[in-house]
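There are 2 protein chains.
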Amino acid sequence: MQNNFTIYNSLTRRKEKFEPLHPPFAGMYVCGPTVYSDTHLGHARPAVTFDLLYRYLMHLGYKVRYVRNITDVGHLENDADEGEDKIEKKARLEHLEPMEVVQMYMNTFHRNMDQLNTLKPSIEPRASGHIIEQQEFIRRIIDNGFAYEVNGSVYFNVEKYSRQYNYGKLSGRVLDELMANTRTLEGQDEKKNPFDFALWKKASPEHIMKWPSGWSEGFPGWHLECSVMSTKYLGEVFDIHGGGMDLLFPHHECEIAQSAAALGHESVRYWVHNNMITINGQKMARSLGNFITLDQLFSGDHPLLDQPYSPMTIRFFILQAHYRSTVDFSNEALKASEKGFQRLMKAVETLGMIKPSDKSTVDIQRLRKSCYEAMDDDMNTPVLLSNLFEGVKIINSVKDGSERISSADLESLTTLFREFIFGILGLREEEDARQDDRLIGNLVKIIIDLRQAAKVNRDFSTSDRIRQDLKDAGVVLNDKKDGADWELEK
Amino acid sequence: MQNNFTIYNSLTRRKEKFEPLHPPFAGMYVCGPTVYSDTHLGHARPAVTFDLLYRYLMHLGYKVRYVRNITDVGHLENDADEGEDKIEKKARLEHLEPMEVVQMYMNTFHRNMDQLNTLKPSIEPRASGHIIEQQEFIRRIIDNGFAYEVNGSVYFNVEKYSRQYNYGKLSGRVLDELMANTRTLEGQDEKKNPFDFALWKKASPEHIMKWPSGWSEGFPGWHLECSVMSTKYLGEVFDIHGGGMDLLFPHHECEIAQSAAALGHESVRYWVHNNMITINGQKMARSLGNFITLDQLFSGDHPLLDQPYSPMTIRFFILQAHYRSTVDFSNEALKASEKGFQRLMKAVETLGMIKPSDKSTVDIQRLRKSCYEAMDDDMNTPVLLSNLFEGVKIINSVKDGSERISSADLESLTTLFREFIFGILGLREEEDARQDDRLIGNLVKIIIDLRQAAKVNRDFSTSDRIRQDLKDAGVVLNDKKDGADWELEK
Numbered sequence: 003m004q005n006n007f008t009i010y011n012s013l014t015r016r017k018e019k020f021e022p023l024h025p026p027f028a029g030m031y032v033c034g035p036t037v038y039s040d041t042h043l044g045h046a047r048p049a050v051t052f053d054l055l056y057r058y059l060m061h062l063g064y065k066v067r068y069v070r071n072i073t074d075v076g077h078l079e080n081d082a083d084e085g086e087d088k089i090e091k092k093a094r095l096e097h098l099e100p101m102e103v104v105q106m107y108m109n110t111f112h113r114n115m116d117q118l119n120t121l122k123p124s125i126e127p128r129a130s131g132h133i134i135e136q137q138e139f140i141r142r143i144i145d146n147g148f149a150y151e152v153n154g155s156v157y158f159n160v161e162k163y164s165r166q167y168n169y170g171k172l173s174g175r176v177l178d179e180l181m182a183n184t185r186t187l188e189g190q191d192e193k194k195n196p197f198d199f200a201l202w203k204k205a206s207p208e209h210i211m212k213w214p215s216g217w218s219e220g221f222p223g224w225h226l227e228c229s230v231m232s233t234k235y236l237g238e239v240f241d242i243h244g245g246g247m248d249l250l251f252p253h254h255e256c257e258i259a260q261s262a263a264a265l266g267h268e269s270v271r272y273w274v275h276n277n278m279i280t281i282n283g284q285k286m287a288r289s290l291g292n293f294i295t296l297d298q299l300f301s302g303d304h305p306l307l308d309q310p311y312s313p314m315t316i317r318f319f320i321l322q323a324h325y326r327s328t329v330d331f332s333n334e335a336l337k338a339s340e341k342g343f344q345r346l347m348k349a350v351e352t353l354g355m356i357k358p359s360d361k362s363t364v365d366i367q368r369l370r371k372s373c374y375e376a377m378d379d380d381m382n383t384p385v386l387l388s389n390l391f392e393g394v395k396i397i398n399s400v401k402d403g404s405e406r407i408s409s410a411d412l413e414s415l416t417t418l419f420r421e422f423i424f425g426i427l428g429l430r431e432e433e434d435a436r437q438d439d440r441l442i443g444n445l446v447k448i449i450i451d452l453r454q455a456a457k458v459n460r461d462f463s464t465s466d467r468i469r470q471d472l473k474d475a476g477v478v479l480n481d482k483k484d485g486a487d488w489e490l491e492k
Numbered sequence: 003m004q005n006n007f008t009i010y011n012s013l014t015r016r017k018e019k020f021e022p023l024h025p026p027f028a029g030m031y032v033c034g035p036t037v038y039s040d041t042h043l044g045h046a047r048p049a050v051t052f053d054l055l056y057r058y059l060m061h062l063g064y065k066v067r068y069v070r071n072i073t074d075v076g077h078l079e080n081d082a083d084e085g086e087d088k089i090e091k092k093a094r095l096e097h098l099e100p101m102e103v104v105q106m107y108m109n110t111f112h113r114n115m116d117q118l119n120t121l122k123p124s125i126e127p128r129a130s131g132h133i134i135e136q137q138e139f140i141r142r143i144i145d146n147g148f149a150y151e152v153n154g155s156v157y158f159n160v161e162k163y164s165r166q167y168n169y170g171k172l173s174g175r176v177l178d179e180l181m182a183n184t185r186t187l188e189g190q191d192e193k194k195n196p197f198d199f200a201l202w203k204k205a206s207p208e209h210i211m212k213w214p215s216g217w218s219e220g221f222p223g224w225h226l227e228c229s230v231m232s233t234k235y236l237g238e239v240f241d242i243h244g245g246g247m248d249l250l251f252p253h254h255e256c257e258i259a260q261s262a263a264a265l266g267h268e269s270v271r272y273w274v275h276n277n278m279i280t281i282n283g284q285k286m287a288r289s290l291g292n293f294i295t296l297d298q299l300f301s302g303d304h305p306l307l308d309q310p311y312s313p314m315t316i317r318f319f320i321l322q323a324h325y326r327s328t329v330d331f332s333n334e335a336l337k338a339s340e341k342g343f344q345r346l347m348k349a350v351e352t353l354g355m356i357k358p359s360d361k362s363t364v365d366i367q368r369l370r371k372s373c374y375e376a377m378d379d380d381m382n383t384p385v386l387l388s389n390l391f392e393g394v395k396i397i398n399s400v401k402d403g404s405e406r407i408s409s410a411d412l413e414s415l416t417t418l419f420r421e422f423i424f425g426i427l428g429l430r431e432e433e434d435a436r437q438d439d440r441l442i443g444n445l446v447k448i449i450i451d452l453r454q455a456a457k458v459n460r461d462f463s464t465s466d467r468i469r470q471d472l473k474d475a476g477v478v479l480n481d482k483k484d485g486a487d488w489e490l491e492k
């Protein structure tokens with residue numbers, strides 16, 4: 003399987019040619035959501051980024067097994083293994099069984115992901131569904147000497163691990179500094195070092211989501227599930243691990259340590275991280291009041307939003323930036339994306355109507371090559387989109403007669419647009435309903451104007467007949483001084 | 003919480019007043035699909051039946067926790083605990099990881115359920131996600147003396163259970179007859195009696211979905227998950243257990259035995275079973291070539307189908323029969339349902355347009371009472387629908403002026419229709435797009451007629467302006483001798 007695809011590996015800190023372990027197969031694991039609240043902007047970016055990667059790998063001919071987990075237990079309120087389980091806390095606040103909370107927000111997540119036109123993963127494993135597997139993994143880490151049990155909880159021994167392996171290799175953090183900077187939180191006395199992390203936590207009596215184990219009735223530490231479920235479904239060594247940059251430390255650093263400690267080697271060959279989203283230049287946070295859910299974005303129902311933005315506008319907006327750059331959400335930027343997306347879709351429509359000539363005055367093969375080069379260069383979607391807008395120019399020039407295109411080139415351009423816009427970038431037409439609404443509005447306006455003309459001519463029989471015909475069609479007119487309003491009959 | 007709702011309890015074989023254990027809460031567990039192939043007609047009936055029950059309980063004011071499982075491991079090819087795991091077999095045939103098979107068919111199931119407008123359950127637990135819980139349940143059954151281990155597998159001791167409890171009480175089967183009629187299959191030597199059933203099966207070396215346990219690397223028996231997950235999420239005693247009548251024996255009979263053996267008492271207060279679907283009078287079976295998936299039904303793509311049938315036609319069709327009657331699918335019956343559904347929806351439209359009078363000549367309160375009586379009588383949807391069609395008659399009579407309705411009665415009828423048709427029966431309008439098309443067609447026709455009149459009056463500037471305005475709106479006219487055709491601009 004030939005390809006020129008390069009991807010930035012966060013571990014080696016450089017772009018590398020993508021060469022999967024077992025071509026034509028490729029394995030990809032991506033960190034999914036902790037399902038304790040509504041899906042928000044912060045979920046949209048990794049979802050679109052790794053959907054893009056999934057689609058491009060398939061486009062290149064790979065058979066991809068794409069695993070994305072659902073965290074439904076073990077994610078505590080802070081990264082230092084303290085605080086309540088996020089899902090149990092929500093369940094307590096809403097008087098629900100924790101798994102009802104999980105189901106509710108998982109449903110929302112799936113609905114929003116469908117709206118963004120992301121493809122479903124091949125497997126979507128849940129942390130609570132792999133407790134035995136996690137216990138076995140802990141057992142291996144203990145057996146290899148890299149974890150210790152205290153009062154029914156099991157912690158990963160970072161300091162001991164560091165004697166043999168490089169803890170911090172992914173994030174670039176240095177253990178000595180970590181040691182100096184990590185403050186000991188209350189109730190952390192169990193840990194030998196404050197930067198040790200929990201593999202298994204003994205549950206307090208009121209804790210609901212807990213399981214028996216050799217150590218205690220308890221639950222797995224948050225980092226563990228990803229080491230376990232990725233290797234269960236993709237093999238002990240697999241190709242790609244993706245996630246947001248915020249997960250790089252401690253989550254992914256801990257994953258590397260867990261896998262090396264249990265298996266004697268690392269599991270991941272390419273670590274891929276998308277950058278973060280800011281809102282009007284600020285970090286998104288509930289406390290800053292700039293936390294926007296996807297449903298709010300799609301409906302426009304948020305004080306920061308001037309208008310609704312469609313799922314494809316959001317997707318286009320995310321794709322306009324390179325996945326490793328930060329992206330700042332603002333109404334201005336989103337409106338620009340809306341326009342850009344519509345221009346692209348309009349060009350697709352025009353493309354279907356243009357007629358070929360004997361010869362081309364345009365170079366489609368060069369365009370095609372540039373599109374692949376952009377994607378091959380670490381998924382450079384901004385460059386890809388500017389290439390596609392070169393295509394838009396070509397289409398419009400052929401349409402207005404200033405350029406010509408041969409039928410072979412027309413076919414090639416059509417294929418190129420279909421494959422890149424719909425197949426790889428995962429955009430889709432979304433305006434059927436709105437287009438209908440617009441057309442209905444325009445037609446009614448034509449009729450109202452004709453009726454107005456009839457009234458001016460004192461042809462009241464015509465103006466009355468028009469009113470009645472509209473009513474029969476389901477449109478009610480309300481005459482006003484300066485014309486008429488209308489509405490659809492309920 | 004007052005209600006007159008009665009439901010047929012398969013266990014007592016009579017209709018009983020529904021009185022939940024902890025009002026206003028009600029718990030309901032329903033057997034979901036084994037996700038190893040496409041969703042078919044056989045899934046649609048329980049889905050709609052228990053969606054109806056869920057909706058009606060909520061309508062009556064109960065806070066319902068609705069649990070429906072996904073069987074993703076342990077369901078073997080035959081009920082005698084032999085044969086391959088259905089999912090592993092499919093995975094082997096399609097060269098996939100078993101959990102890829104699970105994900106694929108679970109996605110299809112969810113999509114089809116959405117199309118049928120069934121509400122999502124509160125919790126949708128998976129068998130593979132509750133292995134520890136199942137092992138603990140087995141341990142309790144063993145501790146209570148009702149199960150035995152042989153070669154790493156654990157079987158339920160039906161004969162011993164029968165000395166203390168009534169095995170067969172749900173299905174009416176008698177143990178002596180079972181003993182006489184059950185033939186011993188090959189490889190069943192491990193069982194003390196052929197009607198014993200597996201709680202845990204030792205896995206063969208090539209088996210993929212297996213977990214460590216005190217008995218062997220293996221997997222749970224199929225019946226076990228439902229006893230375990232229902233009581234985990236609804237409590238050791240809960241209100242309603244639903245499923246298709248084909249599950250009554252052995253599946254639900256075994257569930258009763260497992261729960262009683264583990265907990266010392268039964269768990270389910272109301273057993274509710276929907277009857278089966280036949281196709282042109284025959285049982286549905288792959289081997290008979292009359293196996294129709296929901297996607298085929300919706301697309302019409304099956305040799306037995308004359309045309310596509312919409313999800314709401316299917317839903318309406320299922321609701322036209324009482325859930326405890328058999329239903330026979332045929333093109334004739336489905337076409338009749340399509341018409342009936344459209345008549346009902348048309349009446350809803352008409353209802354929105356009729357004008358109240360001072361006094362009523364129709365009796366809405368009686369109608370309302372009859373609708374509740376029908377639902378309260380073991381969810382008698384055929385009677386409910388005939389009552390609603392009485393309402394349709396009333397609507398049409400008021401429309402054509404032969405009856406009158408007061409504004410209070412009009413409001414009451416509107417509420418009744420909304421609550422019963424959309425809320426309880428879960429039907430919904432399906433024709434938005436088609437309605438838009440009709441409206442656009444009517445508006446364009448009005449404009450063409452006005453233009454024709456202008457031409458007759460030799461007012462060519464108006465007729466030309468109309469042509470141009472239409473073109474700007476995206477509608478192209480093609481003049482013909484006897485008027486004009488039109489089409490939307492591509």
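For the record, the sequence lines run as chains A and B.
For the first sequence, the positions run 3 to 492 when the working numbering is used.
For the second sequence, the positions run 3 to 492 when the working numbering is used.
Note that the Cβ used here is the ideal one computed from N, Cα and C, for glycine as well.
Bear in mind the structure is a predicted one, so any value in this text is a computation, not a measurement.
Please determine whether the Cβ atom of residue i lies at a distance below 7 Å from any heavy atom of the ligand ZN.
i	result
residue 95(A)	This structure lacks the ligand ZN; in fact it carries no ligand of any kind.
Whole-angstrom Cβ separation of residue i and residue j, contact assumed at under 8 Å?
i	j	result
residue 397(B)	residue 352(B)	5 Å
residue 220(B)	residue 155(B)	7 Å
residue 477(A)	residue 446(A)	6 Å
residue 170(A)	residue 202(A)	Contact flag wrong, Cβ pair sits at about 23 Å.
Looking only at DSSP bridge pairs, what is residue i linked to?
i	result
residue 480(B)	487(B)
residue 30(A)	68(A), 242(A)
residue 78(A)	87(A)
residue 19(A)	8(A)
residue 2(B)	Outside the modelled stretch of chain B, which goes from 3 to 492, sits residue 2(B), for which no answer is possible.
residue 151(A)	156(A)
residue 276(B)	246(B)
So, does the CB of residue i fall closer than 8 Å to a CB anywhere in chain B?
i	result
residue 201(A)	no
residue 432(A)	no
residue 131(A)	yes
residue 126(A)	yes
residue 224(A)	no
residue 154(A)	no
residue 140(A)	no
In the structure shown, what three-state DSSP assignment does residue i receive?
i	result
residue 285(B)	strand
residue 132(B)	helix
residue 266(B)	coil
residue 365(B)	coil
residue 464(B)	helix
residue 205(A)	coil
residue 42(B)	strand
residue 195(A)	coil
Using beta carbons (cut-off 8 Å, strictly below), is residue i in contact with chain A?
i	result
residue 469(B)	no
residue 57(B)	no
Report yes or no: do three or more beta-carbon pairs, one from the region 439-446 of chain A and one from the region 409-428 of chain A, lie closer than 8 Å? The region 439-446 of chain A, when compared against the region 409-428 of chain A, does not touch it at the 8 Å Cβ threshold.
Would you be able to state if there are at least three C-beta pairs under 8 Å between the region 31-51 of chain A and the region 236-256 of chain A? The region 236-256 of chain A vs the region 31-51 of chain A: in contact.
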